[in-house]
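Participant: Supplied in structure tokens, the structure appears directly below.
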Amino acid sequence: MSPRRANAPGRVDRSRSIRFSFDGKIYTGHPGDTLASALMTNGVTLFGRSFKYHRPRGVMTAGVDEPNALVTLIRGEIREPNLPTTLVEIYEGLEAVSQNRFPSLSFDVGAVNQLGGKLLGAGFYYKTFMGPVIGPLKGTRFWMFCEHFIRRAAGLGRAGTAKDTARYERMNAFCDVLVVGSGPAGLKAAREAAGDGGRVILLEMDSLLGGSARWSGGRIEGAEAAHWVDETVSGLRELPNVRTLTRTTAWGYYDGNTIAATERVADHKRDAAKGEPRQRHWVVRAKKVVLATGAFERPIVFPGNDRPGVMLASAAARYANDFGVLPGERIAVFANNDSAYANAALLRDAGATIVAIVDVRAAISDEARRLASQCGGDLLTGHAVVATEGGKGLTGFKVQKFDAATNSLSGDARVISADLLAVSGGWSPAIHLASQAGAGKAEWDATLQAFLPPKPAQDWTAVGTAAGDFSGGHGLDIAPAPVFEIKAAGKAFVDLQHDVTADDVRLAHREGFISVEHLKRYTTLGMATDQGKTSNVPGLAIMAEALGKPIPEVGTTRFRAPFSPVSIGAIGAERIGDLRPDRLTPMHDWHVEQGAKMYPAGLWHRPAIYGAPGETVEQAYIRETKATRSAAGIVDVSTLGKIMVQGPDAAEFLDRVYTNLFSTLPVNKARYGLMLREDGIAYDDGTTWRLAEHDFLMTTTTANAGKVMQNLEYFLDVYWPELKVTLTSVTDEWAGASIAGPRAREILAACVTGTAVDTETLPFMGIVRGEVAGVPVMICRLSFSGELAYEVYSGAGHGQQVWDALIEAGQPFGMVPYGLEALGTMRIEKGHVTGAEIDGRTTARDLYLDWMLSKKKPFIGAAMMDREGLVDENRIRLVGLVSLDGRPLNGGAHLVEHNDPAALRDSIGHITAVCFSPSLGKYIGLALVKGGKKRHGTRAYVSDPLRGRFGPVEIVSHHMFDPEGKRMHG
Amino acid sequence: MLITCPYCGPRDVIEFTYQGDANRTRPDPASTDQAAWNVYTYDRVNTLGDHAEYWQHSGGCRSHLKLVRSTLTHAISSTAFVRDHGEKKSASRRKPGAAT
Amino acid sequence: MVEQVSPLGPAWKSGRHNVTGTAPGVTLAETRPGSIVQVAAWPGEEKAVIDAVRAVTGLKLPDGAGGGIATEHKAAFGFAPGKFMVVTQVEGIEAELLKAIPNNVGTVTGLSHGRTALRVSGPKAEWVLGKLYAIDFALPAFPLHAGRSTMHHDVFTQIQRTGADQFDLYVFRSFARSFWTTLCHAAEEVGYEVR
């Protein structure tokens, strides 16, 4: 049996053992142990090295406020740094390593920093590494150069680079009352709310409900506290309207009474069960929130207060009574309030020896005095600790006479030997969530010497110690003497995680950082992963003293989310890896089976090419383009945005939306349309088909489908509510296959039944209905490729059957499937614009689409499109390009007028799209060039110094292939 | 942030799309008053406090709403359909269960 | 009629998955209705449209936004002001609704191909759906047969509660496979059966 075991095991099940490792050494613990309690049971006192000075550090707290004992957990390839050992529950095979030490925890070369301690004060790095005024490392460059080494020396754990394979989930929850914290106040609030019949959610950070009432003795509602907790918890568990969540930290309070919390579902297990998330991100919307978040005990700042073996009194009592381990055998207490006496008694009851109680106050209550005599040991009132002794663990400390009224020491120092110093500097209500959802600032309570919750800005109430009500504990008056710091020689730490000393705070003040916000940033006080839970109030008090102002006038900073660190994975939840939504066309599987190289187009997946073995992308699209232009090709156009525009005012609506007229469009005909933005810039284009008098099928570009739909809905709702029009997204309703090429008509004739497809029945832009493979289809004759072409639409659920039939019908004619690359090639040859040219900067005139601007009616953008700057002839306008050096062009490259690769010249425009044109046998492109048409027949130069491309091009008309459109109208 | 859609009830802001300042008037479509179009297209008030704005419940019923939202606190003091759906008619009224 | 090809493809894996107890937490299915039709009423014509739906399908849409009605083979629910989904197992309801709703009353839009109907049922249905949607699935907040429009990230969804433990989801077809994969992933924790 370990000598450090307490009399009772508390929550720890000593009948079973768990093996784990810390810095490579194997230890044994038990179910119920945290890493802190298990290591403590094994006699470990040194847990890590400090941030800046590499001083040895031990465990200071028993919970989420821990600033010191942080470790990195290793699961296979995955490292998770900066976890407080006080929160990590051990599991079989757990592997933890200490942080911030080199080469090992007990021998750390960085500890030499302690010797230069005076040099490393607040702002040291900023001041020292400002760098010379001139030269290669001037100004911040020098800092950036040095930063690499400094960050290695000063810092926390190192994150791994392996991909996190754990599962994270989100849960959206709703309730009438959300209770945060399950101490007696929280349990009572939950019980009361449940009795009202509403839905109740109770969140508890710990693995067990009940808070300190489970182990700290006392009586509640006439029963023993621990017993009362058991009864109340089992009562709540039986209620169907109460959900209790343990291992769940509420860390954010957002608008709409929304609380964000992280449930550590499987962190305490070696392996999560199949399908079980490691962590679950709860988003709880509550009608009412009860904050029963408890209070944090504060340390006292004194020289050597960071030595392993200096611990908060309540934490020491909890280890002894809740985890069954004595954090020390010869324990001394240092306090400024009565609560430490109750904890001293708990420690004694658990088996420790209380060697002394040091109190800064000259007078204490009778009850405290009674507890002190019960504990035994010296009672030194009007004394203070001025130094600690020991190496990796405490061996003793020095006390001197102390006058709390003047904060002054007197007399000789006396040494007391002890292996644990349990400190209590008063209590701070945990007002973090309240502050996030508070109106105004936290309120200073002079009696408690602590901040109380601000007035609520949302529907919450604070109860119990979180509200400053400490009457439910031992009945002790916990009001402390206003002593936060004992000033004596040596480093006295305020923020132990960021190694900020009391002198650093005063230095910051002397250097002019007198606002709390500036103080925080300059000293980094309270900015570590523990967010200053133990350092906030002492830091403020020291600042207030330096300023000569009372604490409330110095103010506190508003707490921000998160209350404690949250893993990014939990917030990302299920939206990771392969679970990004993909949009697939009805023919997707066919494309993949045919070896198509799929290319993401927004969320859609579209074939780029159907590569034959050994073919390059360029070879494939050239082959596909040639086959289409000489025989026929088929392409999946299901991704085009499709919107049904229906109703008696549908035609009027389209007239207002498009630059050209649609009310004149006959039924069963389609028309190409262009939309502008209000400011007159081109917005989107596409064909719209009139299916019936009051029914139009609008198509948009794939990329803009959602945006156009929203824009149309906006105009309908906001500006034209009088129009009777229904807009419905039917992109997914229709599968679309476009057949293009000189043999296209023959192919359709071979497989379409129920209608003829000859020129008379189906003229250019005509629509017919028929069947393919027994499936109803709608066929519109329109062309994007410049070939004779047809779009065959069928219900999406029939898309594959129709596609198969078209493929089969096309076989004898040499039809090939083609992808986005060939589609792009053919449109570039034809000079058709897409999103690369309709780029949010070009006007209809820039694209030579002014023939589409109706003068007969107003439309969106009509009023603004004729502004001076938009009709300037010298704007960049659409042209074609032919590479004159036989080399490919680069999309995005600039064009210059001068043949001088060495000099950077003014751009006359840029390239928007490039390809090899099989029809012309040359590399070609589309570009936007100043003056546009005026430059046809002239020479310019591609200038792309980043990609090392310079060479001559000829500017030509953007209609580079079949400019008269004979093929498409044939 | 929660927005209470008059049809769907309170919903998370992720379901909504901000559709712009509602403190502007679109000139008559036939108007050629460039100054008026300019104000409508480009001028935005930058309110500190209550601000009228359009939001679309794009991830819900897709209605456009006109909200008055405090740019200081996110508090929404008024919410209404932009388009009159005949709110008094039963099929448009909010269901009781939605008011959670 | 030629049968529609399911968009779920290889993602649809029949049988039980990660079921540890005797029964799965949820059962997931693609219900493949014959007709999914959207009807919309012009302001003031809601009652006429509701009457037309009743005349064609026999379904009596109740009063109130998001109100709905469902039988074993048919369902209807409101999902937006003046807009309703009508779903039947038989095909061709669209043509009948077109006849019953002239264009001075409203519009009829066929979505039998464009929306994929998925059913989530079982004791853990609310729990699994709560992972994906930020709406309240509890019975008092989401009454029987009521409809809701909401979204899971980019996946717009209309949901009708067709039983105490049963929800019918209508998602855009192109997203269906991806969403189904997400749904199965979310259901793995409680064990699920695909039928």
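Protein chains in written order, with our numbering: chain A, 101 to 1070; chain B, 108 to 207; chain C, 5 to 199. The beta carbon of each residue, even a glycine, is placed where N, CA and C say it ideally should be.
Assuming Trp560 (chain A) is part of the beta strand (DSSP E), what are its boundary residues?
Facilitator: Start and end: 560 to 562.
Participant: Output yes or no for whether 8 Å exceeds the beta carbon distance between Val300 (chain A) and Ala392 (chain A).
Facilitator: Cβ atoms of Val300 (chain A) and Ala392 (chain A): not closer than 8 Å.
Participant: Anything in the stretch 129 to 161 of chain C with a Cβ closer than 8 Å to a Cβ of chain B? List those residues in chain order, please.
Facilitator: From the stretch 129 to 161 of chain C, only Ala138, Ile139, Asp140, Pro144, Ala145, Phe146, Pro147, Ala150, Arg152, Ser153, Thr154, Met155, Phe160 have a Cβ closer than 8 Å to chain B.
Participant: In chain order, what residues of the same chain have a beta carbon less than 8 Å from the beta carbon of Gln474 (chain A), not counting five sequence neighbours either side?
Facilitator: Answer for Gln474 (chain A): Ala445, Arg448, listed in chain order.
Participant: Could you name the residues of the same chain whose beta carbon sits closer than 6 Å to that of Thr120 (chain C), not counting the 5 residues immediately before and after it, in chain order?
Facilitator: Result list for Thr120 (chain C): Pro11, Val175, Arg177, Ala180, in chain order.
Participant: Looking at C-alpha atoms only, which residue of A:Ala589, A:Ala313, A:Ala673 is the closest neighbour of Leu287 (chain A)?
Facilitator: Comparing Cα-Cα distances from Leu287 (chain A) to each of A:Ala589, A:Ala313, A:Ala673, the minimum goes to A:Ala313.
Participant: DSSP on Met965 (chain A), reduced to helix/strand/coil?
Facilitator: Note: Met965 (chain A) maps to coil in three-state DSSP.
Participant: Return the first residue and the last residue of the alpha helix (DSSP H) that Leu136 (chain C) is part of.
Facilitator: Per DSSP, Leu136 (chain C) belongs to the alpha helix (DSSP H) from 129 to 136.
Participant: Determine the closest residue to Ala651 (chain A) out of A:Tyr710, A:Asp123, A:Ala546, A:Gly702, with distance taken between C-alpha atoms.
Facilitator: Correcting the residue type first, residue 651 (chain A) is Ile in the shown sequence and not Ala. Closest option to Ile651 (chain A), Cα to Cα, is A:Ala546.
Participant: Check Leu923 (chain A) in the structure and name its three-state DSSP category.
Facilitator: Correct three-state label for Leu923 (chain A): helix.
Participant: Under 8 Å between beta-carbons, which chain A residues line up against Ala137 (chain B)? List them in chain order, please.
Facilitator: The contacting residues are Pro958.
Participant: Between Gly404 (chain A) and the rest of its own chain, which residues show a CB-CB distance below 7 Å, the 5 nearest in sequence each way excluded?
Facilitator: Cβ within range, chain order: Ala487, Thr488, Gly590.
Participant: Does the stretch 597 to 613 of chain A come within contact of the stretch 566 to 578 of chain A, defined as at least 3 CB pairs closer than 8 Å?
Facilitator: The stretch 597 to 613 of chain A, when compared against the stretch 566 to 578 of chain A, does not touch it at the 8 Å Cβ threshold.
Participant: Enumerate, from N- to C-terminal direction, the unbroken beta strand (DSSP E) stretches of 3 or more residues contained entirely within the stretch 679 to 757 of chain A.
Facilitator: Complete beta strand (DSSP E) runs here, min 3: 696 to 701, 704 to 710, 732 to 736, 741 to 746.
Participant: Taking 8 Å as the CB-CB cut-off, is Phe83 (chain C) touching chain B?
Facilitator: Taking Cβ atoms only, chain B reaches closer than 8 Å to Phe83 (chain C), which makes this a yes.
Participant: For the 8 Å Cβ check, are there 3 or more pairs between the stretch 978 to 989 of chain A and the stretch 1053 to 1069 of chain A?
Facilitator: Yes, the stretch 978 to 989 of chain A touches the stretch 1053 to 1069 of chain A.
Participant: Roughly how many angstroms separate the alpha carbons of Leu533 (chain A) and Arg370 (chain A), rounded to a whole number?
Facilitator: Their Cα atoms are separated by approximately 32 Å.
Participant: Can you tell me where the alpha helix (DSSP H) with Val605 (chain A) in it begins and where it stops?
Facilitator: Val605 (chain A) -> alpha helix (DSSP H) spans 602 to 610.
Participant: Let me know the secondary structure DSSP gives Thr145 (chain A) once reduced to three states.
Facilitator: Residue state, collapsed to three classes: coil.
Participant: Closer than 8 Å by C-beta to Glu192 (chain C): which residues in its own chain qualify, once you throw out the five before and the five after it? Chain order, please.
Facilitator: His21, Asn22, listed in sequence order.
Participant: Could you round the C-beta distance between Gly1137 (chain A) and Thr141 (chain A) to whole angstroms and report it? I think they count as a contact, below 8 Å.
Facilitator: The shown model of chain A, from 101 to 1070, leaves out residue 1137 (chain A), and the question about it has no answer.
Participant: Could you check whether the stretch 752 to 765 of chain A touches the stretch 702 to 716 of chain A, counting it as contact only if at least three pairs of C-beta atoms, one from each stretch, sit closer than 8 Å?
Facilitator: Contact between the stretch 752 to 765 of chain A and the stretch 702 to 716 of chain A is absent, because fewer than three Cβ pairs lie under 8 Å.
Participant: Is there a Cβ from chain A that is less than 8 Å from the Cβ of His189 (chain C)?
Facilitator: At least one chain A Cβ lies under 8 Å of His189 (chain C).
Participant: What residues in the stretch 142 to 175 of chain B have a beta carbon less than 9 Å from any beta carbon of chain C?
Facilitator: Against chain C - using a Cβ distance shorter than 9 Å - the residues of the stretch 142 to 175 of chain B are His164, Ser165, Gly166, Gly167, Cys168, Arg169, Ser170.
Participant: Kindly list, in the order they appear in chain A, the residues whose Cβ is closer than 8 Å to that of Leu109 (chain B).
Facilitator: Those are Asp355, Gly356, Thr358, Arg385, listed as they occur along chain A.
Participant: Note down, in chain order, each residue of its chain lying with its Cβ closer than 6 Å to the Cβ of Arg1005 (chain A), except the 5 sequence neighbours on either side.
Facilitator: The residues are Val996, His998.
Participant: Can you check whether the C-beta of Tyr710 (chain A) is within less than 8 Å of a C-beta belonging to chain B?
Facilitator: No, its Cβ sits nowhere closer than 8 Å to a Cβ of chain B.
Participant: Using the beta-carbon count (16 or more within 10 Å), is Met915 (chain A) buried or exposed?
Facilitator: Per the 10 Å Cβ criterion, buried.
Participant: To the nearest angstrom, how far is the alpha carbon of Thr861 (chain A) from that of Ile879 (chain A)?
Facilitator: Cα to Cα, Thr861 (chain A) sits roughly 11 Å from Ile879 (chain A).
Participant: Between the C-alpha atoms of Gly919 (chain A) and Ala993 (chain A), what's the straight-line distance to the nearest angstrom?
Facilitator: Roughly 25 Å between the two C-alpha positions.
Participant: May I ask which residues mark the beginning and end of the beta strand (DSSP E) holding Arg771 (chain A)?
Facilitator: That run of the beta strand (DSSP E) goes 769 to 776.
Participant: Tell me the DSSP bridge mates of Thr788 (chain A)?
Facilitator: BP columns for Thr788 (chain A) point to A:Arg771, A:Met798.
Participant: With DSSP run on the structure shown, which of helix, strand or coil describes Ala162 (chain A)?
Facilitator: In the structure shown, Ala162 (chain A) sits in coil (DSSP, three-state: anything other than H, G, I, E or B).
Participant: Examine the Cβ distances between the stretch 498 to 505 of chain A and the stretch 448 to 464 of chain A and report whether three or more of them are shorter than 8 Å.
Facilitator: As far as the Cβ criterion goes, the stretch 498 to 505 of chain A touches the stretch 448 to 464 of chain A, which means the pair count is three or higher.
Participant: Just to check my reading of the structure: Ala557 (chain A) and Ala537 (chain A) have Cβ atoms closer than 8 Å, yes? What is that Cβ distance to the nearest angstrom?
Facilitator: So it is a contact: roughly 6 Å between Cβ atoms.
Participant: Runs of 4 residues minimum, wholly inside the stretch 825 to 892 of chain A: which ones carry the alpha helix (DSSP H) assignment?
Facilitator: The qualifying runs are 844 to 851.
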